[in-house]
Amino acid sequence: MKDTALIIIDIQNDYFPGGKMELDKATDAAQKAFDILTHFREKSLPVFHIQHESISEGSSFFLPGTAGQKINEKVEPVENETIIVKNFPNGFMQTNLLEILKTHKIEKLVITGMMTFMCVDATTRAAKDLGFHCTLIHDATAARALEFNGKNVTADQVKTSFLSALSMICDRVISSEDFLSGEYICHSNI
Numbered sequence: 015m016k017d018t019a020l021i022i023i024d025i026q027n028d029y030f031p032g033g034k035m036e037l038d039k040a041t042d043a044a045q046k047a048f049d050i051l052t053h054f055r056e057k058s059l060p061v062f063h064i065q066h067e068s069i070s071e072g073s074s075f076f077l078p079g080t081a082g083q084k085i086n087e088k089v090e091p092v093e094n095e096t097i098i099v100k101n102f103p104n105g106f107m108q109t110n111l112l113e114i115l116k117t118h119k120i121e122k123l124v125i126t127g128m129m130t131f132m133c134v135d136a137t138t139r140a141a142k143d144l145g146f147h148c149t150l151i152h153d154a155t156a157a158r159a160l161e162f163n164g165k166n167v168t169a170d171q172v173k174t175s176f177l178s179a180l181s182m183i184c185d186r187v188i189s190s191e192d193f194l195s196g197e198y199i200c201h202s203n204i
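Start counting at 1 in the sequence shown, then tack on 14, and there's your number in the working numbering.
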């Protein structure tokens with residue numbers, strides 16, 4: 015059980031109503047992430063918060079030192095939880111996340127966060143490439159509508175497309191309710 019950690023990716027204020035990059039259903043996703051976070055805290059399992067800091071020229075959100083860059087109060091870290099600051103979609107790129115997970119002998123990751131199609135996707139794929147077992151909590155992620163080649167893609171379509179692709183590589187992609195009820199196959203008791 016101690017070989018499992020929760021990863022909370024970029025649940026930051028700029029993704030919420032009034033933020034600079036509002037996502038569809040961000041508040042709902044944050045509540046589901048909070049439910050999972052509560053489970054991990056009750057079990058005294060490790061929690062890692064990934065926080066994006068935009069340093070690229072022309073960045074418009076997650077700017078250093080702004081209220082929008084702060085982790086949302088719904089999942090605000092407590093004293094014994096680790097915060098990893100990243101500058102790229104992939105939470106492992108140029109951070110010490112892998113080193114810390116290895117130090118804690120973590121083999122299994124439960125992943126929540128935002129944006130489903132960017133940082134959640136990039137970090138989950140990297141985790142799989144690095145040999146971690148990944149459980150993605152689909153209703154604890156959020157996306158936004160996009161446009162491609164003159165076609166509008168709804169936030170639900172974007173999220174569903176990425177989750178369906180990730181379901182092919184993850185050990186499981188499940189709802190927070192199924193995770194918390196234990197109605198899933200798992201290699202250890204989480």
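Ideal Cβ placement from N, Cα and C applies to all residues, glycine included.
Residue range 147-156 is occupied by the beta strand (DSSP E) that includes residue 147, with no alpha helix (DSSP H) assigned at that position.
For residue 168, the secondary structure class from DSSP, reduced to helix, strand or coil, is coil. A distance below 9 Å separates the beta carbons of residue 125 and residue 148.
Within its own chain, the residues whose Cβ lies closer than 7 Å to the Cβ of residue 138, once the five positions on either side in sequence are excluded, are 125, 148, 150, 180, 184, listed in chain order. Spanning the alpha carbons of residue 116 and residue 44 requires a straight line of approximately 27 Å. A Cβ-Cβ contact shorter than 9 Å links residue 135 with residue 103.
Ranked by Cα distance from residue 172, the first of 24, 159, 64 is 159.
Here residue 190 is buried, its C-beta having at least 16 other C-beta atoms within 10 Å.
With a contact defined as Cβ atoms closer than 8 Å, residue 132 and residue 37 miss out at about 10 Å.
When 146, 87, 71, 82 are compared, the shortest CA-CA separation from residue 111 is found for 146. The alpha-carbon of residue 77 is positioned some 28 Å away from that of residue 49. The alpha helix (DSSP H) runs lying completely inside the segment 95-132 and spanning 4 residues or more are 111-117, given in chain order. A direct Cα-to-Cα measurement between residue 122 and residue 21 gives close to 10 Å.
For residue 193, the uninterrupted alpha helix (DSSP H) run begins and ends at 190-195, by DSSP. Within 10 angstroms of the beta-carbon of residue 25 lie 16 or more other beta-carbons, which makes it buried.
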